[in-house]
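K.L.:
Numbered according to my numbering, the sequence shown spans residues 6 to 116.
Cβ atoms here follow ideal geometry from the backbone N, Cα and C, with glycine treated the same way.
Here it is, the structure, as structure tokens.
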Amino acid sequence: MVRPKLSFDVKADKVKAIADYVRTHVSSISFLGKAKGLKVKSAILEPGTIQLPSETDSHWNVSGHVKLGIEKEDGVLENNFFFTCDCELNKGDEGEPIVTGLTKIQVGERI
Numbered sequence: 006m007v008r009p010k011l012s013f014d015v016k017a018d019k020v021k022a023i024a025d026y027v028r029t030h031v032s033s034i035s036f037l038g039k040a041k042g043l044k045v046k047s048a049i050l051e052p053g054t055i056q057l058p059s060e061t062d063s064h065w066n067v068s069g070h071v072k073l074g075i076e077k078e079d080g081v082l083e084n085n086f087f088f089t090c091d092c093e094l095n096k097g098d099e100g101e102p103i104v105t106g107l108t109k110i111q112v113g114e115r116i
């Protein structure tokens with residue numbers, strides 16, 4: 006099955022690129038706020054809002070829901086939280102969104 010290419014010009018594709026990035030780089034992301042100090046084993050992001058603060062900036066503000074898989078002594082506990090983060094989105098060689106600079110996620114209240 007061929008996966009369709011993502012486009013930087015489509016908001017839903019930017020959202021997918023950010024969610025995919027977090028899912029595959031969860032071990033290199035710091036989780037702050039309500040998740041500080043917890044061992045996060047998985048993270049499934051559902052970005053609700055992505056905003057570019059200014060036309061001259063490539064850092065995006067992202068917020069929404071995240072399902073965290075948190076390691077416990079007897080397994081992994083999954084909980085849903087509100088989150089915010091910043092990341093850089095650039096247009097790749099083939100017009101796809103490239104995510105960089107996403108090193109921490111601020112985790113808020115549990116849903």
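Excluding the 5 residues preceding and the 5 following D91 in the sequence, name in chain order all residues of the same chain whose CB lies nearer than 8 angstroms to its CB.
P.N.:
Taken in chain order, the residues that qualify are H64, W65, N66, V67, G106 and L107.
K.L.:
So which of G38, K44, E51 and L43 has the shortest CA-CA distance to K21?
P.N.:
Checked all of G38, K44, E51 and L43; the closest Cα to K21 is E51.
K.L.:
Please classify I23: does DSSP put it in a helix, a strand, or coil?
P.N.:
Residue state, collapsed to three classes: helix.
K.L.:
With a threshold of 7 angstroms (Cβ to nearest heavy atom), would P102 be considered close to the ligand SAH?
P.N.:
The ligand SAH is not part of the structure shown, which contains no ligands of any sort.
K.L.:
Take E114 and list the residues in its own chain whose beta-carbon comes closer than 6 angstroms to its own, dropping the five residues that flank it on each side.
P.N.:
Closer than 6 angstroms at the Cβ level, and outside the excluded window around E114, lie F87.
K.L.:
Which ranges would you report for the beta strand (DSSP E) in the segment 10-56 if only whole runs of at least 3 residues count?
P.N.:
Qualifying beta strand (DSSP E) stretches, in chain order: 35-38 and 45-56.
K.L.:
Can you list, in chain order, the residues of its chain whose CB lies under 8 angstroms from that of I75, leaving out five sequence neighbours each side?
P.N.:
Once the five neighbours on either side are set aside, the close Cβ partners of I75 are A40, L43, K44, V45, K46, V81, L82, E83 and N84.
K.L.:
With the cut-off set at 8 angstroms, would you say L57 and Q111 are in Cβ contact?
P.N.:
For L57 and Q111, no; Cβs fall outside 8 angstroms.
K.L.:
Beta-carbon of Y26 versus every beta-carbon of chain B: anything under 8 angstroms?
P.N.:
Here chain B cannot be found, since the structure has a single protein chain.
K.L.:
Would a C-beta distance cut-off of 8 angstroms place G53 and H70 closer than the cut-off?
P.N.:
Yes, the Cβ-Cβ distance between G53 and H70 is below 8 angstroms.
K.L.:
P102 lies in the beta strand (DSSP E); which residues open and close that run?
P.N.:
P102 to T105 is the span of the beta strand (DSSP E), which, as asked, contains P102.
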